[in-house]
Amino acid sequence: MALTQAAHRKVVRPALVLGLLLAPGAAAADPDLRKLQEREPPAFGEIWRLGDPTPRSGGFDAQGVTLLSHIPLNQFTGVARAMGNDCWGYTAPSGREYAIMGLEGGFGYVEITDPTNPQILATIPGPSSVWRDVKVVGHYAYGVSEGGSGIQVMDLSNIDNGQVTLVRNWTSGGYSTTHNIIAGDDDGSLWICGANIGNGGLINIDITNPTLPALNGGWTQMYVHDAQVVVWDRGDLAGRRLAFCAAGFNFGFSETGLRIVDVTNPSSPQVISTVFYPGARYAHQVWLSEDRRYLYLNDELDVGDTSETTTTRIFNVDDPANAFYVGTFTSGLPAVAHNLYTRDGLIFQANYRSGLRVFDKLDPENPVEIAYLDTYPGTIAPEFNGAWSNYPFFPSGTVIVSDIERGLFVARVDAEPRAVAIRALGTPPALVPPAGGAELTAAVFVRSESNPVVSVDLMVDAGSGFQPAPAFLDADGHWTAQTPPAACDTTVRAYFRAEVADGRTAVYPAGAPDQALEFTVADAAVEVFADDFSTDQGWTVGAPDDDATTGIWVRANPVGTSVGGVQVQPQ
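Sequential numbering of the sequence shown, starting at 16, is according to our numbering.
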């Protein structure tokens, strides 16, 4: 497949050109243009370390997270540092850990083996750009930007001695700018997307020679903003290399959503699944759950448009060829979602003005926030400032967060994950019979097989307080309980409660018992009257002596109709 210079206008970043090329109204919605328009001055300062007498750490609200150190942008010398952007990590064969911080003018390398005493080792300069990304394969870091220079190949083999070497800035065949770079999770493959070639699609980079990359085909049907590439491990697609792509966009060109592409042969990619979702504006980034049964997607333009709070989409990808949309979860805040990753049953999500948010996904369809570190003090508005990304994959458990104005944060998550979670399945009945026997079913999730479920109950209040109705494990691995007898025409409240061996419990709904499911006790509901207002059902004005002059029933087409001199509904 030949990769040629793209005519795709989305990858043209300068604000003036972008405004001329996009459809009317599109420029205001473009997140990259908004990043330029909403730039703020960097917050420079000294490096802060846990234990320092200065109170700076108190300026970053946190719960369940300990800030261990903080490196403002001005501490990275030798490169432009008015803005931060992406971050990644590297663990050397020695076990020492390093943070890679994207800067406006290059990359900064920081040893964080002792996360309370970070040491800046090196900076590698690059072209000036708001957008920069980096991934590591073996002992090489591959960095890209929208400022040019193609792929910057950086050798980390001597990083334990404080040395990072720029091997080359590699360009080829007209290729020079890139939005994101992706390392295959299983096979050490390398990919770029949002580049100025191949329609901005997902392009494979051959690194057989790790210091001399080569273009190697790809999926160029449409613009891809970010992706995760894995070798599938089960079913008919076992052994196939799949790319889960946040692709397309809705402001004038193509539909945004999830595309799953078989890229086993980069020169002959095949789309095997396309899934759209409600309220889509700009599919930004995706990441799989550790068991690869679910995928979580960030939309960068929905807040303030199709949603009021940070809304993350959930997809079931257990069978990639038949993937489907499941639902959403939210932090409940109006910040814009950006980048998320999963590890050890948790979701680590960087959202611009609300910082790092950590969710427990024991129930993968109902993640619950358990911790946060807000790196942007002040308002949590849907603007493009604050936390850009995070990296939670260090063996030590250290988590880093990159912030646009405030640089690099090094942290530890202290919050304890849930031991058990429970969720009702299906649609709860509106009516339950007076004799009892209506079945309700729940799914129960435990974090450890060594801490198993000891009881599941449907707690039922039929008028004299909540009493347990035991649930029993069925053949599908779910728990089913039956409602007890209750007086007809009363309201019954109920909730599920599960307990594990160490005594910890979970309830559904989450706010139970204050919030509970409600049912009416009756054998059936009988409709006594219905009127669709399309025919006269024998309406009367009111009482026989009613002499009202206004408000009288009149059957008419409401649009433009006048009754008693009053227009019912304007045209």
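Even for Gly, the Cβ is constructed at its ideal location relative to N, Cα and C.
Note that this is a predicted model, so its numbers are computed, not measured.
If we call anything under 8 Å between Cβ atoms a contact, is Ile385 one with Asp378?
-> As a position in the sequence shown, residue 385 is number 370, starting the count at 1. As a position in the sequence shown, residue 378 is number 363, starting the count at 1. Going by C-beta atoms, Ile385 is not nearer than 8 Å to Asp378.
Based on Cα-Cα distance, which residue from Asp389, Phe481, Leu371, Thr138 lies nearest to Pro407?
-> For this step, residue 407 is matched to residue 392 along the sequence shown. Ranked by how close their Cα comes to the Cα of Pro407, the residues Asp389, Phe481, Leu371, Thr138 have Leu371 in first place.
What residue from Glu55, Asn366, Leu310, Glu514 has the CA that sits closest to Leu316's CA?
-> Numbered from 1 along the sequence shown, position 301 holds the residue referred to as residue 316. With distances taken between Cα atoms, Leu316 lies closest to Asn366.
Please classify Asp251: does DSSP put it in a helix, a strand, or coil?
-> As a working note, residue 251 is residue 236 in the sequence shown. In this structure, DSSP gives Asp251 a helical state, which the three-state scheme calls helix.
Comparing alpha-carbon positions, which option in Ile415, His240, Arg433, Asn381 lies nearest Asp592?
-> Within the shown structure, residues of the chain are numbered from 16 to 586, placing residue 592 beyond reach of any answer.
Test item: CB-CB of His493 and Ala453 under 8 Å | Counted from its first residue, the sequence shown places residue 493 at position 478. Counted from its first residue, the sequence shown places residue 453 at position 438. For His493 and Ala453, no; Cβs fall outside 8 Å.
Stretch pair the stretch 162-170 + the stretch 142-150: three plus CB contacts closer than 8 Å = Segment contact: the stretch 162-170 against the stretch 142-150, three or more CB-CB distances shorter than 8 Å; contact assigned.
Assigned secondary structure, Ile174 (DSSP; H/G/I helix, E/B strand, else coil) | Working through the sequence shown from its first residue, we reach residue 174 at position 159. DSSP, read as helix, strand or coil, puts Ile174 in helix.
Starting from Lys376, trace the beta strand (DSSP E) both ways and give me its first and last residue.
-> Residue mapping note: residue 376 aligns to position 361 of the sequence shown, counting from 1. Note, Lys376: premise wrong, no beta strand (DSSP E); not H, not E.
Of all the options Arg512, Gly518, Asp538, which has the alpha carbon lying nearest to the alpha carbon of Gly526?
-> By 1-based counting over the sequence shown, the position of residue 526 is 511. With distances taken between CA atoms, Gly526 lies nearest to Arg512 out of Arg512, Gly518, Asp538.
Option in Tyr105, Val152, Thr180, Leu171 with minimal Cα separation from Ser204 = Along the sequence shown, read from residue 1 onward, the residue named residue 204 stands at position 189. Looking at the Cα atoms, Val152 is the closest of the given residues.
With Thr81 and Arg427 assumed to form a contact (beta carbons below 8 Å), what rounded beta-carbon distance in angstroms separates them?
-> Residue numbering aside, residue 81 sits at position 66 when the sequence shown is read from its first letter. Residue numbering aside, residue 427 sits at position 412 when the sequence shown is read from its first letter. Yes, they are in contact, since the Cβ atoms of Thr81 and Arg427 sit about 5 Å apart, within 8 Å.
Starting from Cys260, follow its DSSP beta bridges and name the residues at the other end.
-> On the sequence shown, position 245 is the one that residue 260 refers to. In the DSSP assignment, the residues bridged to Cys260 are Ala242, Arg274.
Is there contact here, the stretch 171-183 with the stretch 199-214, by at least three beta-carbon pairs under 8 Å?
-> Per the Cβ contact rule, the stretch 171-183 is not in contact with the stretch 199-214 (fewer than 3 Cβ pairs under 8 Å).
May I ask you to verify whether the stretch 238-255 touches the stretch 193-200, counting CB pairs closer than 8 Å and requiring at least 3?
-> As far as the Cβ criterion goes, the stretch 238-255 touches the stretch 193-200, which means the pair count is three or higher.
Consult DSSP for Gly188 and reduce its assignment to one of helix, strand or coil.
-> Working through the sequence shown from its first residue, we reach residue 188 at position 173. DSSP, reduced to helix, strand and coil, places Gly188 outside both helices and strands of the structure shown, so it counts as coil.
Identify which residue in Leu455, Ala486, Thr520, Ser465 has its Cα closest to the Cα of Val435.
-> Your numbering for residue 435 matches position 420 in the sequence shown. For the residues Leu455, Ala486, Thr520, Ser465, the minimum Cα distance to Val435 belongs to Thr520.
Under 8 Å Cβ to Cβ from Thr390, same chain only, skipping five residues before and after it: list those, please.
-> Translated into positions along the sequence shown, residue 390 becomes position 375. Closer than 8 Å at Cβ, skipping near neighbours: Phe75, Gly370, Leu371, Gly401, Ala402, Val416, Asp418, Arg421, Phe424.
Identity of the residues DSSP links to Gly11 by a beta bridge = Absent from the model: residue 11. The displayed extent of the chain is 16 to 586, so no value can be given.
Determine, using beta-carbon pairs with one atom in the stretch 438-448 and one in the stretch 337-347, whether at least three such pairs fall under 8 Å.
-> These segments do not touch.
Can you name, in chain order, every residue of its own chain whose Cβ lies under 7 Å from the Cβ of Arg368, other than the five neighbours on each side?
-> For this step, residue 368 is matched to residue 353 along the sequence shown. So the list reads Ala350, Tyr391, Thr394, Ile395, Ala396, Glu398, Asn400, Gly401, once near-sequence residues are dropped.
In this structure, what does DSSP give as the bridge partners for Lys50?
-> Taking the first residue of the sequence shown as 1, we reach residue 50 at position 35. Within the DSSP secondary-structure output, Lys50 pairs in no beta bridge.
Excluding the five sequence neighbours on either side, which residues of its own chain have a C-beta within less than 7 Å of the C-beta of Pro39, listed in chain order?
-> Residue numbering aside, residue 39 sits at position 24 when the sequence shown is read from its first letter. The pLDDT assigned to Pro39 is 35, lower than 50, so where the model puts this residue is not dependable; a value taken from the coordinates is nonetheless given after this. Contacts found: none.
Any chance you could list the beta strand (DSSP E) runs of at least 3 consecutive residues sitting entirely within the stretch 487-520, in chain order?
-> For the stretch 487-520, whole beta strand (DSSP E) runs of length 3 or above, ordered along the chain, are 494-497, 506-515.
Output yes or no for whether 8 Å exceeds the beta carbon distance between Glu380 and Ile329.
-> If you number the sequence shown from 1, residue 380 lands on position 365. If you number the sequence shown from 1, residue 329 lands on position 314. Cβ atoms of Glu380 and Ile329: closer than 8 Å.
Just the C-alpha distance for Gln167 and Lys150, rounded to the nearest angstrom, thanks.
-> Here residue 167 refers to the residue found at position 152 of the sequence shown. Here residue 150 refers to the residue found at position 135 of the sequence shown. So the two alpha carbons sit approximately 11 Å from each other.
Helix, strand or coil for Gln530, going by three-state DSSP, please let me know.
-> Looking up residue 530 in the sequence shown gives position 515. Three-state result, Gln530: coil.
Asp504 versus Pro467: straight-line alpha-carbon distance, rounded = By 1-based counting over the sequence shown, the position of residue 504 is 489. By 1-based counting over the sequence shown, the position of residue 467 is 452. If I take the Cα positions, the gap works out to 39 Å.
Whose CA, out of Thr180, Thr326, Gly451, lies closest to the CA of Gly347?
-> One-based indexing of the sequence shown puts residue 347 at position 332. When the alpha-carbon of Gly347 is set against those of Thr180, Thr326, Gly451, the nearest one is in Thr326.
If you draw a straight line from the C-alpha of Thr279 to the C-alpha of Trp185, how long is it?
-> Taking the first residue of the sequence shown as 1, we reach residue 279 at position 264. Taking the first residue of the sequence shown as 1, we reach residue 185 at position 170. Our two residues, Thr279 and Trp185, have alpha carbons roughly 24 Å apart in a direct line.
Taking the alpha-carbon positions, what's the Asn176 to His154 distance?
-> Start at 1 with the first residue of the sequence shown, and residue 176 comes out as number 161. Start at 1 with the first residue of the sequence shown, and residue 154 comes out as number 139. Spanning the two alpha carbons is a distance of roughly 14 Å.
Leu388 by DSSP, collapsed to three states: which one?
-> Within the sequence shown, residue 388 is the residue found at index 373, counting from 1. Strand at Leu388.
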